[in-house]
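J.:
There are 2 protein chains.
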Amino acid sequence: MTGKIAYLGPPGTFSQEAALRQFGGECDLLECRAIDEVFAAVESGGAVYGVTPIENSTEGAVNNTQDCLIESPVQIIGEQIVPIEHHLLAREGVDKAAVASIASHPQSLAQCRKWLRTNMPDLPLRECASNGQAAQLAADNPAVAAIAGNMARKIYGLRALAESIQDQLGNRTRFAVLGREQTVPSGRDKTSILVYAQNRPGALFRALEPFENLQISLSRLESRPLRGEKWEYIFFMDFEGHCQDEKVEELFRRLSACTDEVKILGSYPAA
Amino acid sequence: MTGKIAYLGPPGTFSQEAALRQFGGECDLLECRAIDEVFAAVESGGAVYGVTPIENSTEGAVNNTQDCLIESPVQIIGEQIVPIEHHLLAREGVDKAAVASIASHPQSLAQCRKWLRTNMPDLPLRECASNGQAAQLAADNPAVAAIAGNMARKIYGLRALAESIQDQLGNRTRFAVLGREQTVPSGRDKTSILVYAQNRPGALFRALEPFENLQISLSRLESRPLRGEKWEYIFFMDFEGHCQDEKVEELFRRLSACTDEVKILGSYPAA
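Heads up: the sequence lines are chains B and U, in that order. Under the working numbering, the first residue of the first sequence carries the number 2, and numbering increases by one thereafter. Under the working numbering, the first residue of the second sequence carries the number 2, and numbering increases by one thereafter.
1. Nearest chain B C-beta to P107(U) closer than 7 Å, yes or no?
2. For C33(U), write down the residues that DSSP places opposite it in a beta bridge.
3. Report yes if the CB atom of V95(U) is closer than 7 Å to the CB atom of P54(U), and no otherwise.
4. Are Q76(B) and G267(B) touching if we call contact CB-CB under 7 Å?
5. Buried or exposed: where does A258(B) fall if 16 or more other Cβ atoms within 10 Å of its Cβ makes it buried?
6. Is the CB of R255(U) under 7 Å away from at least one CB in chain B?
7. Taking 7 Å as the threshold (beta carbon to beta carbon), is C113(U) in contact with chain B?
8. With a threshold of 7 Å between beta carbons, is R34(B) in contact with chain U?
9. Just verifying my parser: in three-state terms, what is the DSSP assignment at E86(B)?
10. Beta carbons nearer than 7 Å to chain B: which residues of the stretch 232 to 254 of chain U have them?
11. Got a sec: which bits of the stretch 165 to 179 of chain B sit with their beta carbon under 7 Å from any beta carbon on chain U, in order along the chain?
12. When the Cα atoms are used, what is the spatial distance from H88(U) to V145(U)?
13. Straight-line CA distance for G10(U) to R255(U)?
14. Within 8 Å, do at least three Cβ pairs link the stretch 151 to 163 of chain U to the stretch 209 to 228 of chain U?
15. When the cut-off is 7 Å and only beta carbons count, does R92(B) lie next to chain U?
16. By DSSP, does Q23(U) sit in helix, in strand, or in coil?
17. Do A130(B) and E128(U) come within 7 Å of each other at the CB atom, strictly closer than that value?
18. By alpha-carbon positions, which one of Q167(B), Q81(B), V185(B) and A135(B) ends up nearest to T119(B)?
19. Short check: CB of P84(B) to CB of R173(B), under 7 Å?
20. Does DSSP put L215(B) in a helix, in a strand, or in coil?
21. Residues in its own chain within less than 7 Å of I36(U) by CB, not counting five upstream and five downstream?
22. Going along the stretch 120 to 132 of chain B in order, which residues come within less than 9 Å of chain U, judged by CB to CB distance?
23. Which class does I156(U) belong to by DSSP, given the choice of helix, strand or coil?
24. Among residues of its own chain, excluding the 5 on either side of G47(B), which ones have a beta-carbon nearer than 6 Å to its beta-carbon?
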């Protein structure tokens, strides 16, 4: 594949891991420092594809991805679901007893609090701007251990003193893969849309009626207030099927009759 | 009022601002470093009330608040909607020309990128673990300006070199005020509930039917996958009315007939 893949950096993020899962280890990555930069890179052609968190992320506000999806012409062409696992990482040859402080982003430190309290209760914690920055500190200094994920471990050549130390297991982040063109049906697709509806009783109910009548399964539904419009809402919906399926085309005809506007964000193979 | 108010720290966060808006400047604040600590403080009685972000936050993952609401017995007893405004802050007497670097959390730097590029394009950016930490740097060093909100300005005694410099205007974060007891009706209340439903076509549609038939206006609806259960969803719903209203009691009777479980998170005056 030629062309760059834009992702939400810095290096070592779960967004980078999602990009590698989608495109393989040989792909040419373009680091972006904000979600709207990822969108801008795909829109301008600076990147062929982009990867940003879309659900349940601690790295970037998912709202930013939603805001960009409202305004951008890019399409969602894929999704990746990445398990969120934190490890205690140090330089090769360093053992636990040699660690004098633990560095990570405040949210990651919070997510591993119980483990830290039980296993390394007396060490000072050092708050960093990102887990990548913490891994860099650990790579530079054998007295520092970092809490970070698999990508940071690989990039900075660190060793895990303890694996999967986050207090809650089973956390996952969902990433959207962005491109400029619609995909062709794969036979196991999902479609994401935006629906504009006025906030009066029954508006959402009526918008769901076509799904019920056509027996189309919604896998996600989220309402968001429109920016600056306190009482107007938009709905992000994911459902089974591809926008070229006959049943989905019929869905769009019925939706356009009972909502203010529908925007197709993309159809893509379900992860 | 006696008793502590737990909030998501560090000092200078918008959570602290929400706490002061709800309880006034004289309240006794208890700083927590994670959202589940806020819940634990209220549950244990270490705090009488707690304040955590519940919608559209960049400070803590809102998902953490939702996870806690699923499991905790605490009630939502109020809400606060705080505008998210970032200022360029420096020590008294420092002017723009004396600033040699700009410090802030990476997300805040990203949110002010266009302003920085136009107004201070040549200055190095310094990524910090929180905006409070950045404000502390600015308070210690006249060559550093911090990007942070009003609370940080007050706490660290800083002056704004420029106000409201975030690229997107109109951003707000919604905070939940937590307590141990249900509120009495105020006459202008909202109620938040959790609904468990199987992810089959029509499950959500049937759960909305009672709202439609009783003409109860939903102001927010969000689906979340259940942790570890990829295909089971729960719905967070906010609607007009108090759970002691007759119409809302009838709603609960109808909902219990068409869903797996309903949990009342609380009724409270709408902001």
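In this text, a Cβ means the ideal position worked out from N, Cα and C, and glycines have one as well.
T.: In short, the structure shows the following:
1. yes
2. L9(U)
3. no
4. yes
5. exposed
6. no
7. no
8. yes
9. coil
10. none
11. G171
12. A direct Cα-Cα distance of roughly 14 Å separates H88(U) from V145(U).
13. 41 Å
14. No, because fewer than three Cβ pairs between the stretch 209 to 228 of chain U and the stretch 151 to 163 of chain U fall closer than 8 Å, the two stretches do not touch.
15. no
16. helix
17. yes
18. Q167(B)
19. Taking 7 Å as the Cβ cut-off, P84(B) and R173(B) qualify as a contacting pair.
20. helix
21. L9, T53, G61, N65, T66 and C69
22. Answer set for the stretch 120 to 132 of chain B: R127, E128, C129, A130 and S131.
23. helix
24. Counting only Cβ-Cβ distances below 6 Å, and skipping sequence neighbours, we find nothing.
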